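Peer 1:
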Amino acid sequence: MTWDGRGIRAGIVRDFVNSGAQVVFCVKDEVRGWALEQELLGTVFVSCDVTQEGDLQALISETLSRFGHLDCVVNNAGYHPPGQSPEETSAQDFLQLLERTLLSTHTLTKLALPDLRKRRCNRINISSLVGTIAQSQAVTFVATKGAVTAMTKALAMDESRYGVLANCISPGNIWTPLWEELATSTSDSSATILEGTLAQPLGHIGQPAEVGAAAVFLDSEATFFLYRA
Numbered sequence: 103m104t105w106d107g108r109g110i111r112a113g114i115v116r117d118f119v120n121s122g123a124q125v126v127f128c129v130k131d132e133v134r135g136w137a138l139e140q141e142l143l144g145t146v147f148v149s150c151d152v153t154q155e156g157d158l159q160a161l162i163s164e165t166l167s168r169f170g171h172l173d174c175v176v177n178n179a180g181y182h183p184p185g186q187s188p189e190e191t192s193a194q195d196f197l198q199l200l201e202r203t204l205l206s207t208h209t210l211t212k213l214a215l216p217d218l219r220k221r222r223c224n225r226i227n228i229s230s231l232v233g234t235i236a237q238s239q240a241v242t243f244v245a246t247k248g249a250v251t252a253m254t255k256a257l258a259m260d261e262s263r264y265g266v267l268a269n270c271i272s273p274g275n276i277w278t279p280l281w282e283e284l285a286t287s288t289s290d291s292s293a294t295i296l297e298g299t300l301a302q303p304l305g306h307i308g309q310p311a312e313v314g315a316a317a318v319f320l321d322s323e324a325t326f327f328l329y330r331a
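With the working numbering as the guide, the letters of the sequence shown map in order to residues 103 to 331.
This is the structure:
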């Protein structure tokens, strides 16, 4: 499992552990990684830069060495940059976002597929609602998340013959440290939080554990015939 060490990603790790799974996760920040491994029995931390194929290969190799096989791969590396108009976005910033969000998803999938194909397994990508409905001041983020969603659908078509299921979760507003940072960077953080709350049909901002519950469900036997979702 790839993640950035906070928010949604930590919620997914915790929910899988609570369901009885043994979880190997990676994060570049070793302090956060070791802290979570100490907190949660049943987890293994591997230091990893998801933009480096060699690091991702080491992640797969460590998992296979410890447990013999893969049952599920969850890719949720990425970040939401501060709001910018299209003309303020640099090509370098866009490339970095593509590397962390999109290319890392493709690379980890490519490396994991040989083992995933040996048994009925799941591939879960974390996208975003805005990858479908868009968002102002976030053209690069929207583009990368839209690409993750499209790639997941294509992966499902290619891998269904091997019994490998591929689905993505596209959360709306989830209360995470990143969401809080983005809100406080605006001129009126209270108004921003209220706007984000009212944008949710249920009338409240989601929690990381709710995304984690969705990931655990997608990896359950109940989803044997569910793919491209």
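Every residue gets a Cβ at the ideal spot worked out from N, C-alpha and C, and that includes glycine.
Treat the numbers as computed from the prediction; the structure is a model and nothing was measured.
Anyone know if the C-beta pair for V241 and P184 falls short of 8 Å?
Peer 2: Numbered from its first residue, the sequence shown carries residue 241 at position 139. Numbered from its first residue, the sequence shown carries residue 184 at position 82. Contact: no.
Peer 1: What residues are listed by DSSP as bridge partners for A268?
Peer 2: On the sequence shown, position 166 is the one that residue 268 refers to. Note: A268 sits in a beta bridge opposite R225.
Peer 1: Does DSSP put V152 in a helix, in a strand, or in coil?
Peer 2: For the purposes of this step, residue 152 is taken as residue 50 along the sequence shown, with counting starting at 1. Reduced to three states, the DSSP call for V152 is coil.
Peer 1: Are the CB atoms of D117 and G274 nearer to each other than 8 Å?
Peer 2: Residue numbering aside, residue 117 sits at position 15 when the sequence shown is read from its first letter. Residue numbering aside, residue 274 sits at position 172 when the sequence shown is read from its first letter. Contact flag unset, no.
Peer 1: Could you tell me which of V129, G156, L143 and A249 sits nearest to G122, measuring between CA atoms?
Peer 2: The residue you call residue 122 lines up with position 20 of the sequence shown. Comparing Cα-Cα distances from G122 to each of V129, G156, L143 and A249, the minimum goes to L143.
Peer 1: To the nearest angstrom, report how far apart F169 and H306 are at their CA atoms.
Peer 2: As a position in the sequence shown, residue 169 is number 67, starting the count at 1. As a position in the sequence shown, residue 306 is number 204, starting the count at 1. Cα to Cα, F169 sits roughly 39 Å from H306.
Peer 1: The beta strand (DSSP E) spanning F127 covers which residue range?
Peer 2: For the purposes of this step, residue 127 is taken as residue 25 along the sequence shown, with counting starting at 1. Start and end: V125 to V129.
Peer 1: Any idea if F326 is buried or exposed, counting beta-carbon neighbours within 10 angstroms, 16 or more meaning buried?
Peer 2: Here the question's residue 326 lines up with position 224 in the sequence shown. F326 is exposed by the Cβ-count criterion.
Peer 1: Express the C-alpha separation of V175 and W136 in angstroms, rounding to a whole number.
Peer 2: Position 34 of the sequence shown, counting from 1, holds the residue named residue 136. Position 73 of the sequence shown, counting from 1, holds the residue named residue 175. Rounded to the nearest angstrom, the two C-alpha atoms are 20 Å apart.
Peer 1: What is the DSSP secondary structure of I307, reduced to helix, strand or coil?
Peer 2: As a working mapping, residue 307 is identified with position 205 in the sequence shown. Of the three classes helix, strand and coil, the one that applies to I307 here is coil, per DSSP.
Peer 1: Looking at the unbroken alpha helix (DSSP H) that takes in N275, where does it start and where does it end?
Peer 2: The residue you call residue 275 lines up with position 173 of the sequence shown. Counting along the chain, N275 falls outside any alpha helix (DSSP H), and DSSP gives it neither H nor E.
Peer 1: F147 by DSSP, collapsed to three states: which one?
Peer 2: Counting from 1 along the sequence shown, the entry for residue 147 is found at position 45. Reduced to three states, the DSSP call for F147 is strand.
Peer 1: In chain order, what residues of the same chain lie with their CB nearer than 7 Å to the CB of I295, ignoring the 5 residues before and after it?
Peer 2: Taking the first residue of the sequence shown as position 1, residue 295 is located at position 193. For I295, where only same-chain residues beyond five positions count, the Cβ hits under 7 Å are A285.
Peer 1: Can you tell me the Cα-Cα spacing of V244 and A268, whole angstroms?
Peer 2: Here residue 244 corresponds to residue number 142 of the sequence shown, with the count starting at 1. Here residue 268 corresponds to residue number 166 of the sequence shown, with the count starting at 1. Taking the straight line from one Cα to the other gives about 21 Å.
Peer 1: Does the Cβ-Cβ distance between Q239 and Q186 come in under 8 Å?
Peer 2: The residue you call residue 239 lines up with position 137 of the sequence shown. The residue you call residue 186 lines up with position 84 of the sequence shown. Contact flag set, yes.
Peer 1: So N178 is in the beta strand (DSSP E); what residue range does that whole segment cover?
Peer 2: Taking the sequence shown and counting its residues from 1, one reaches residue 178 at position 76. Looking at the DSSP string, N178 is not in any beta strand (DSSP E), and its letter there is neither H nor E.
Peer 1: With DSSP run on the structure shown, which of helix, strand or coil describes L296?
Peer 2: Your numbering for residue 296 matches position 194 in the sequence shown. The answer is helix: DSSP assigns L296 an H, G or I state.
Peer 1: Rounded to whole angstroms, how far is the Cβ of V148 from the Cβ of L161, which I believe are closer than 8 Å?
Peer 2: To locate residue 148, count along the sequence shown from 1; it is residue 46. To locate residue 161, count along the sequence shown from 1; it is residue 59. Yes, they are in contact, since the Cβ atoms of V148 and L161 sit about 5 Å apart, within 8 Å.
Peer 1: Quick check: the Cα distance between H208 and S272, rounded to an integer number of angstroms?
Peer 2: The residue you call residue 208 lines up with position 106 of the sequence shown. The residue you call residue 272 lines up with position 170 of the sequence shown. Cα-Cα distance, rounded: 17 Å.
Peer 1: With a threshold of 7 Å on Cβ separation, who are the neighbours of L200 within its own chain once the five nearest residues in sequence on each side are excluded?
Peer 2: Looking up residue 200 in the sequence shown gives position 98. Correct list, in chain order: T246.
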